[in-house]
Amino acid sequence: MKDPSPANPHASATVAPTARAYLWLRETGELWRMLFDQNLAGVFCSTLDGEMLECNLSFARIFGYDSPDEIVRRPGVDYYFDPADRQRYVEKLRAHGSVRNLELTLRKKDGAAVIILENVTVLPGEHGQPEAMLGTVIDITEAKQAQEAMLRAEKLAAVGRLAATIAHEINNPLEAVTNTLFLARTHAEVTSALRELLLLAEQQVARVASITRQTLGFFRGATERTTTSIAAILDDALALYQDKINVKNIRLVKQVRFNGPIHARPGELRQAFSNLVANAIDAVPEGGDLVLRVSRGRDWRSSMTGVTVTVADSGLGIDPQHRKRIFEPFFTTKCDAGTGLGLWLTREIVLRHSGRIRVRTSSRHGQSGTTISIFLPTASP
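The sequence shown runs 1052 to 1432 under the numbering used here.
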């Protein structure tokens, strides 16, 4: 049998050792072209000034383009959110000749961020001076997000263990304080005025004890449900912040249009509503509006009927760049004043009650504000 023509690498591969096809690809330059075009990593060559000379399809897609033709001749500074970052990047290349495993956050065609891992080597010109660069990039955005999610989960687990431990440890001292207050209040020589103050103190300590039990129950997942009034729970949460409402001269509007029974964990819902009311009060300017509404509701996804609790404020609204993150644990815009756990915990409580939470917000002048609606299914008859 005659050897096939070297002009046909596929024929060579069928009747001769694989090495012949490889040698043909290498000698003709097709090996580089195949590796370039079919590489899952983005491969590119550009000038140091940032002018793209050539790139493969993977590179184009990483940055949100449909083909390499859209990228060629596009200035490199377009991929940076801050042009100064591009200058620092080039200076580093000139100084070291190459970079390895460099992590960068760059900009895609639609303006979204993409996190890449990059290897780049400087190509010298005729006189040995840096002239161009050849490199590969890998999109690690999803991997970084997964890593961050895992870290948040670990932090939440640690917070849960810490909260449960603290709640357990303070139970005994709280019981001792409660008993002491009771004995003092019922002492024969206590005046009526002092007795009222001791009763008030006893009630507040009892509330703290209730919160510790709720904390333990939430992280253990063992809190019992009872049939309760949603409006009554909302009133309890509102009572905690009445002084703040008065100080800021907030116009409070409370509308109870429906008060069907809820089969729920009252302590958890009280905590959820407290978080929403506290956030609304912080957002409302002095003399602003706070609306609390309880009405009939329906979950259109499941067709379940229930009750909808709405908390609306006339604040400045949530900044667009923060809206996707408001339910993330530890995310806060209140600096040292917030923990970043309030809305996350509220959503977790709502989900535990088979409910849904929705946020509508606007930052438009004259129409700003935030409305948070919680749907909860009513108790079965």
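Think of the CB as a built atom: it goes at the ideal place given N, C-alpha and C, for glycine as much as any other residue.
Gly1186: member of the beta strand (DSSP E) spanning Pro1181 to Asp1190, first to last residue.
In the DSSP assignment, Pro1126 falls outside any alpha helix (DSSP H), carrying neither H nor E. A straight line joining the alpha-carbon of Leu1234 with that of Glu1240 spans about 11 Å. When the alpha-carbon of Ala1315 is set against those of Arg1236, Thr1278, Ala1334 and Asp1287, the nearest one is in Thr1278. The residues Gln1306 and Thr1361, in chain order, have a CB closer than 6 Å to that of Arg1344 in the same chain once the five nearest residues on each side in sequence are set aside.
The region 1270–1336 contains, as complete alpha helix (DSSP H) runs of 4+ residues, the segments 1281–1290, 1293–1298 and 1317–1334 (chain order). Across the structure, Gln1198 and Val1150 are spaced so that their CA atoms are roughly 24 Å apart. Distances from the alpha-carbon of Thr1237 to those of Arg1308, Phe1324, Leu1249 and Ala1283 put Leu1249 closest.
Note on Gly1420: 16 or more other CB atoms within 10 angstroms of its CB, so buried under the neighbour-count rule. Between Val1188 and the set Asn1330, Ile1113, Ile1408 and Arg1407, the nearest pair of CA atoms involves Ile1113. Counting C-beta atoms within 10 angstroms of its own C-beta, Ser1118 has fewer than 16 neighbours from the protein chains shown and is therefore classed as exposed. Cβ-Cβ separation between Phe1426 and Gly1357: approximately 6 Å, consistent with a contact (criterion under 8 Å). Per DSSP, reduced to three states, the secondary structure at Val1410 is strand. Every alpha helix (DSSP H) stretch that sits fully inside the region 1124–1167 and reaches 4 residues is listed by chain position as 1134–1147.
A contact between stretches requires three or more CB pairs, one per stretch, nearer than 8 Å, and the region 1328–1342 meets this requirement with the region 1281–1301.
Within the same chain, and ignoring the five residues on either side of Ala1288 in sequence, the residues whose Cβ sits closer than 7 Å to its Cβ are Arg1321, Phe1324, Ser1325 and Val1328. Judged by DSSP in its simplified three-state form, Gly1393 adopts helix. Comparing C-alpha distances from Leu1291 to each of Gln1196, Glu1247, Gln1255 and Ser1405 shows the shortest one belongs to Gln1255.
Under the three-state reduction of DSSP, Arg1112 is assigned to helix. Here Asn1107 is buried. Its C-beta has 16 or more other C-beta atoms within 10 Å. The beta carbons of Ile1122 and Tyr1131 sit no closer together than 9 Å. Relative to the Cα of Phe1110, the nearest Cα in the group Arg1124, Gly1101 and Gly1093 belongs to Gly1093.
For Asp1088, no beta strand (DSSP E) encloses it; the enclosing alpha helix (DSSP H) starts and ends at Glu1081 to Gln1089. Secondary-structure assignment with DSSP links Asn1170 through a beta bridge to Thr1187. Between Arg1158 and the set Gly1186, Val1171, Pro1134 and Trp1083, the nearest pair of CA atoms involves Pro1134. Excluding five sequence positions before and after Thr1429, the CB atoms of its chain that fall closer than 7 Å to its own CB belong to Gly1311, Pro1312, Ile1313, Thr1356, Gly1357 and Val1358, given in chain order. Here the C-alpha atom of Arg1276 lies approximately 13 Å from the C-alpha atom of Ile1400. Around Thr1192, the same chain offers Val1165 and Ile1166 as residues with beta carbons nearer than 6 Å, after the five sequence neighbours per side are excluded. Per the DSSP secondary-structure output, Leu1343 pairs in a beta bridge with Lys1305 and Val1362.
Around Thr1422, the same chain offers Ala1363 and Arg1411 as residues with beta carbons nearer than 6 Å, after the five sequence neighbours per side are excluded. Here Val1173 is not near Leu1104, since their CB atoms are 9 Å or more apart. CA-to-CA, the gap between Val1342 and Ala1163 works out to about 36 Å. Under DSSP, Met1201 forms no beta bridge with any residue. If you draw a straight line from the Cα of Asp1120 to the Cα of Asn1090, it is about 17 Å long. Membership of Val1094 in the beta strand (DSSP E) is indicated by the continuous run Gly1093 to Thr1098.
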